[in-house]
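Counting in the numbering used here, the sequence shown runs without a single skipped number right up to 638 at its last residue.
Ideal Cβ placement from N, Cα and C applies to all residues, glycine included.
Encoded as structure tokens, the structure appears first; notes follow it.
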Amino acid sequence: MSANSQFLNYPEVREGPSVPYKNEDQTIPVFRGTPLAIGATLIQHVPLIQNYFWRNAGFGIIRDLPLTDYAPRYDPTVIPKPSPSPTTQAELPVPTERRRKGDPSDGTESSGYYTSADYVALYRTGELTPSAVAEALLPLIMRGDGTAPGRHSVAFLESRGDAVRAAAAASTQRYKAGRPLGPLDGVPVAVKDEVHVAGYGRTLGSKLDFKGGYEGSSWCVKQLEEAGAMILGKTSMHELGLDTNNNNPNYGTPRNPHNRNYYCGGSSGGSGYAVSAGLVPIALGADGGGSIRIPASFCGIWGLKPSHGRISGAPTVSLAPTVGVYGPMASSIDDLALAYRIMATPAPAEVDPTSAAFPSPLSSTTITNPETPVVVVARTIGLIPSWLARSSPQVLTVFNSTLSTLGRTSPHHTTKELTIPYLPEAQRAHVLTIMTEIAAGLRHPREISALTPPNKVLVSMGMYQITGQDYLAAQRLRSCLMAHLAHLFRQHPGLIIVTPTTPIPGWRIASPADLTRGLSDGAASVRNMEYVWMANFTGCPAISCPVGWVDAEDGTGGKVPVGLMAMAEWGAEEALIAFARELEAALAGAGAGADADADNKKGIRVPTGEGSVWEDVVELAKKASSA
């Protein structure tokens with residue numbers, strides 16, 4: 012029991028050491044093609060080479076930090092006490108249709124994306140059926156059963172047409188009978204290949220089998236299924252979730268729907284693509300080091316990383332169990348909130364005792380109905396200037412412009428400069444923790460040989476170079492960081508720490524050959540994770556919000572999206588959702604502000620321009636039905 016009566020397992024409230032922020036870009040060589048394949052094999056089998064790369068990455072500094080007075084913290088789960096007034100799925104406030112394509116109802120410009128509410132409204136009137144939507148989508152996403160692969164099939168590792176049609180037919184009948192299950196009935200949803208879905212395999216984007224003989228669906232997927240969601244299939248991911256670009260030579264790499272010369276971001280890149288390209292309004296992702304929020308940022312959509320342990324994947328066991336979580340990605344904040352509240356239904360204690368200890372998210376004391384106007388709540392916006400300065404100039408311009416717009420519309424907010432100790436060192440501790448846990452999750456060292464070359468390197472390092480002393484030191488640093496955050500949250504009630512989601516303006520595909528042979532760019536990976544890792548390491552919830560656009564670096568004149576990330580205290584998902592609504596409203600009402608060009612005033616919009624990819628699924632389904 013924690014000292015804080017509102018929580019279980021709350022950290023010690025303790026201000027951390029006062030140390031100056033100092034960070035430098037790491038010098039890590041880039042490997043691709045034949046040198047990558049040869050180097051990966053050498054690193055896998057030669058300890059001396061492993062040790063060289065280990066020392067070069069600077070992991071050894073963690074054990075030298077003066078943190079012996081902090082007890083190691085191996086599990087960052089912090090559980091808020093239950094609220095006494097839970098509701099049921101059927102009582103969820105149904106999202107409004109204010110983002111319906113071409114039919115805005117609140118005076119703001121439509122994003123172009125369809126929401127779950129749009130699908131439900133069309134189903135209720137009989138203008139469309141879930142079966143028609145299924146028949147429109149399946150040719151687009153199937154990898155081919157004697158036919159040519161669909162044009163979006165690279166984003167899906169597996170899609171079972173029979174299962175999709177059966178779910179669509181059942182939903183269609185419920186609507187005909189006037190008895191839909193709720194606000195997700197018949198809505199197409201995609202699921203990352205990291206959790207179990209009945210009838211599907213589980214590879215984690217690799218050539219290995221991680222199904223373990225289990226034939227059912229993970230708890231969070233069951234919640235979607237019981238709400239009537241039409242699961243389209245398993246989306247692609249970076250192999251084992253071990254990088255942030257989503258490059259996957261095993262099954263193919265989806266290109267960014269906004270700019271095909273860029274990656275979608277990872278490791279939930281297939282889910283990000285499916286939402287961004289308009290195929291689904293909601294997708295399930297997994298996040299161990301930004302793997303929901305980075306692709307959400309790169310693909311210009313919303314992504315929520317919940318508090319550690321809040322959404323149950325049981326019986327799925329994450330390969331990185333002390334940092335990994337499951338969460339939603341969506342093309343509207345309404346759908347992000349809806350999917351979160353459904354998936355976060357606590358599991359029974361016999362299924363998942365951690366999940367069972369969390370309060371239901373379907374609580375009348377926490378849920379705000381999206382039909383009501385956005386209520387501005389006085390908040391403390393925490394900024395860490397030296398950390399923010401690490402962003403590229405393009406990203407920082409969009410970030411500062413967004414905060415300026417928010418400040419004009421929300422004058423009750425207080426901006427506070429913060430300091431957090433050991434940020435660069437803690438990022439290494441987070442990476443060290445992931446590498447250790449994923450290496451431990453493989454059944455036998457020989458499975459390393461079945462991995463792609465970049466992951467042979469990372470898993471070999473995790474398996475052979477990280478000592479117990481290193482892992483222990485990393486968990487002491489985790490304890491220090493959580494204690495300091497607890498101090499900040501107590502000092503500034505309602506504090507939200509805000510950064511760009513990622514400091515880089517997208518990740519450009521340097522060569523088409525990288526998509527088929529793989530890429531190892533450790534420096535870019537570390538840079539890409541510079542802000543996202545802290546929520547994973549400490550278990551806090553965080554949200555990525557689409558806020559603007561920057562010029563692509565490929566010289567084509569195209570744009571790439573930019574995201575803003577907000578992190579809050581353990582259990583404060585609803586506060587983050589409320590903040591995101593407020594931010595969306597501020598950007599929508601920015602008008603012709605002098606501090607933002609036209610591209611930066613819209614938080615989210617469908618991909619447009621040469622080389623972009625977006626499908627109008629509703630129109631395709633209507634045409635198919637007419638034919």
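Which residues DSSP lists as bridging residue i, in chain order
i, result
"S531", "F42"
"P672", "The first residue shown for the chain is 12 and the last is 638, placing residue 672 beyond what the model contains."
"E169", "K245"
"L295", "V202, P339"
"T391", "T425, L506"
"N267", "N270"
"A553", "K316, M578"
"G559", "V573"
"P511", "L575"
"R519", "Y273"
Proximity winner among the options, relative to residue i (alpha-carbon distances)
i, options, result
"R162", "K427, G473, F42, G263", "G263"
"G282", "N261, H249, E428", "Just to set this straight, residue 282 is Ser in the shown sequence, not Gly. The shortest C-alpha separation from S282 is found at H249."
"N547", "E580, G566, D196", "E580"
"R419", "A599, R185, Q37", "A599"
"V206", "L235, P465, S329", "S329"
"E593", "M545, R390, W398, Q480", "R390"
"K467", "L253, S421, T619", "L253"
"D36", "A497, V362, R43, M540", "M540"
"A288", "T447, F167, P456", "F167"
"Q438", "S536, V175, L373, P191", "S536"
"P83", "S121, G71, Y482", "Y482"
"V24", "P31, Y32, N15", "N15"
"H62", "T52, M472, L192", "Sequence inspection shows Asn at residue 62; the His mentioned does not correspond to that position. Cα-wise, what sits closest to N62 is M472."
"I449", "P306, L76, G299", "G299"
"Q405", "G280, V144, E564", "E564"
"A350", "T52, E621, E630, E585", "E585"
"I73", "P504, A440, I515", "A440"
"R190", "Y134, E226, P91", "Y134"
"G338", "P306, D196, H56, L290", "P306"
"A597", "P511, L414, L78", "L414"
"N258", "A494, A524, R176, E361", "A524"
"K92", "F309, S366, G44, I515", "S366"
"E26", "A494, M576, L587, R176", "A494"
"M7", "A331, P332, A325, P364", "In the structure as shown, the chain begins at 12 and stops at 638. Residue 7 is therefore absent and cannot be evaluated."
Residue range of the alpha helix (DSSP H) that includes residue i
i, result
"I645", "Outside the displayed span of the chain (12 to 638) sits residue 645, for which this structure offers no information."
"Y63", "58 to 67"
"F221", "Counting along the chain, F221 falls outside any alpha helix (DSSP H), and DSSP gives it neither H nor E."
"L407", "404 to 420"
"F309", "304 to 310"
"R643", "The question about residue 643 has no answer here: the residues shown for the chain are numbered 12 through 638."
"Q37", "Element bounds for Q37: n/a, residue is neither H nor E."
"L434", "434 to 452"
"R592", "584 to 599"
"V640", "No statement about residue 640 is possible, as the shown extent of the chain runs from 12 to 638 and does not include it."
"T136", "127 to 136"
"W398", "396 to 399"
"A367", "364 to 368"
"G281", "280 to 287"
"M540", "No alpha helix (DSSP H) contains M540, which DSSP labels as neither H nor E."
"P464", "464 to 475"
Endpoints, beta strand (DSSP E) assigned at residue i
i, result
"D173", "It is not in any beta strand (DSSP E) - D173 instead sits in the alpha helix (DSSP H) that spans 172 to 187."
"P199", "199 to 203"
"E428", "425 to 428"
"K633", "Counting along the chain, K633 falls outside any beta strand (DSSP E), though it belongs to the alpha helix (DSSP H) covering 628 to 637."
"R271", "270 to 274"
Beta-carbon separation (whole angstroms), residue i vs residue j, contact threshold 8 Å
i, j, result
"S228", "A209", "5 Å"
"V470", "I459", "5 Å"
"T463", "P260", "6 Å"
"S403", "G582", "At roughly 33 Å, the Cβ-Cβ gap does not stay under 8 Å, so S403 and G582 are not in contact."
"P435", "V30", "Not confirmed; about 10 Å, so no contact."
"C551", "A591", "About 15 Å; that fails the 8 Å criterion."
Any chain C beta carbon closer than 9 Å to residue i
i, result
"S471", "The chain inventory of the structure shown lacks chain C, comprising one protein chain alone."
At a cut of 8 Å, does the segment 520 to 538 reach the segment 483 to 497 through at least three beta carbon pairs?
-> The answer is no - the segment 483 to 497 does not touch the segment 520 to 538, with fewer than three Cβ pairs under 8 Å.
Count the C-beta pairs between the segment 567 to 576 and the segment 266 to 276 that are closer than 8 Å, then say yes if the count reaches three, no if not.
-> Judged by pairs of C-beta atoms under 8 Å, the segment 567 to 576 touches the segment 266 to 276, as three or more such pairs exist.
Sufficient close CB pairs (3 or more, under 8 Å) joining the segment 232 to 247 to the segment 165 to 184 = Contact between the segment 232 to 247 and the segment 165 to 184 is present: three or more C-beta pairs spanning the two stretches fall below 8 Å.
Would you be able to state if there are at least three C-beta pairs under 8 Å between the segment 340 to 347 and the segment 210 to 227?
-> The segment 210 to 227, when compared against the segment 340 to 347, does not touch it at the 8 Å Cβ threshold.
Segment contact flag, the segment 44 to 53 with the segment 507 to 520, C-beta cutoff 8 Å, min 3 pairs = No, the segment 44 to 53 is not in contact with the segment 507 to 520.
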